[in-house]
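Undergrad:
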């Protein structure tokens, strides 16, 4: 479900179907595994993991966070060697509560940003899990990436309404929003009815930025649209948007 690259070129693979997080080397060697393969903790128990979704690394000390996710409403914090430190969150709509903690990121100061998908917001916490603020004005945020260099732009892949009558509406996504580190919207890409043309989106699910500022958007297009077409067909699942200079 999620792949996170560490500063030492290690890779964290978050497997929601297996309920595990694996830290790996570039050659595929597994350094450690968190969670028990194939054995989720009880639904909404708060214990790791029940369909975990993503990992974010604190650049100040190497601690990392796991958003957990579909079967929990929780964020777990770990030391660099994989020791569980503490967790926070519960099901709900209030501060510090989640309705699908779908993605997690950190900024250069170690603050934690959680894409609270079905609550249509991003929640911001300090490194102790204390709620700081929330950003709204978004539709089902799924992908989340913070460029920790320079002005720390925030990139949000929004899944969109995806509900019957609103599915082809404007202003509800699917789209990519670019924000500053305070949550102010700087630009929006797409933001119309879904489509397969360049610059249109179907179901943004993951997002990443390279050193040139180009944007990569992974979409769950088959699940969202392709499998429901008559006849079903493959649709684009990855799009690269090149930054204009």
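In our numbering, the protein residues as written are 1 to 245.
We put the CB at the ideal spot given by N, CA and C, even for glycine.
Quantities reported herein were computed from a predicted structural model and do not represent experimental measurements.
Taking the beta carbon of residue 48 as the centre, do at least 16 other beta carbons fall within 10 Å, making it buried, or is it exposed?
TA: It is buried - the Cβ of residue 48 has at least 16 other Cβ atoms within 10 Å.
Undergrad: Is residue 227 helix, strand or coil by DSSP?
TA: In this structure, residue 227 counts as helix in the three-state DSSP scheme.
Undergrad: Give the secondary structure of residue 103 by DSSP, where H, G and I count as helix, E and B as strand, and everything else as coil.
TA: It is a strand residue.
Undergrad: Using CA atoms only, rank isn't needed, just tell me which of 54, 44 and 42 is closest to residue 11.
TA: Looking at the Cα atoms, 54 is the closest of the given residues.
Undergrad: Can you find the residues in the same chain that come closer than 7 Å, C-beta to C-beta, to residue 233, ignoring five residues on each side of it along the sequence?
TA: Excluding positions up to five away in sequence, the list reads 226.
Undergrad: With DSSP run on the structure shown, which of helix, strand or coil describes residue 118?
TA: Residue 118 falls in the helix class under three-state DSSP.
Undergrad: My output table needs one value for residue 221: the three-state DSSP class, helix, strand or coil.
TA: Three-state DSSP puts residue 221 in a helix.
Undergrad: Entirely within the region 143 to 188 and at least 3 residues each: give me those beta strand (DSSP E) ranges in chain order.
TA: List check, beta strand (DSSP E) in window: 154 to 158 and 175 to 179.
Undergrad: Using the rule of at least 16 other Cβ atoms within 10 Å of the residue's Cβ for burial, across every protein chain shown, is residue 138 buried or exposed?
TA: With 16 or more other Cβ atoms within 10 Å, it is buried.
Undergrad: Verify whether the separation of the beta carbon atoms of residue 121 and residue 136 is less than 8 Å.
TA: Result yes, Cβ atoms of residue 121 and residue 136 sit closer than 8 Å.
Undergrad: Are the Cβ atoms of residue 159 and residue 173 separated by less than 8 Å?
TA: Cβ atoms of residue 159 and residue 173: closer than 8 Å.
Undergrad: Between which two residues does the beta strand (DSSP E) containing residue 67 stretch?
TA: 64 to 68 is the extent of the beta strand (DSSP E) around residue 67.
Undergrad: Return the CA-CA distance between residue 148 and residue 36, expressed in angstroms with no decimal places.
TA: Taking the straight line joining both Cα atoms gives about 32 Å.
Undergrad: Between the alpha carbons of residue 238 and residue 217, how many angstroms are there, rounded?
TA: Going from the Cα of residue 238 to the Cα of residue 217 covers about 6 Å.
Undergrad: So, at 7 Å on beta carbons, what are the nonlocal neighbours of residue 25 in its own chain, with the 5 sequence-adjacent residues on each side left out?
TA: Excluding sequence neighbours, residue 25 sits near 10 and 31.
Undergrad: Is the CB-CB distance between residue 33 and residue 51 below 8 Å?
TA: No, these two residues do not count as a Cβ contact at 8 Å.
Undergrad: What would DSSP say about residue 240, mapped onto helix, strand or coil?
TA: Strand.
Undergrad: Checking the sheet assignment: what are the DSSP bridge partners for residue 12?
TA: The partner list for residue 12 (beta bridge, DSSP) reads 4 and 23.
Undergrad: Applying the 10 Å Cβ sphere with the 16-neighbour rule, what's the burial state of residue 2?
TA: With 16 or more Cβ atoms within 10 Å of its Cβ, residue 2 is classed as buried.
Undergrad: Which residues in the same chain as residue 111 place their Cβ atom closer than 8 Å to its Cβ, once the five residues preceding and following it in sequence are excluded?
TA: Here the set comprises 124, 125, 126, 127 and 132.
Undergrad: Run through DSSP, which three-state label would residue 79 get?
TA: Looking at residue 79 - three-state DSSP - the assignment turns out to be coil, as it is neither helix nor strand.
Undergrad: Can you check DSSP and say which residues form a bridge with residue 92?
TA: Answer is none; residue 92 lacks a bridge partner.
Undergrad: Within 10 angstroms of its Cβ, does residue 39 collect 16 or more other Cβ (buried), or is it exposed?
TA: Exposed: under 16 other Cβ atoms inside 10 Å.
Undergrad: Report the option in 74, 94 and 93 whose CA atom is closest to the CA atom of residue 86.
TA: Nearest of 74, 94 and 93 to residue 86, Cα basis: 74.
Undergrad: As a quick exercise: from 191, 212, 46 and 95, pick the residue whose alpha carbon is nearest that of residue 130.
TA: Ranking 191, 212, 46 and 95 by Cα distance to residue 130 puts 95 first.
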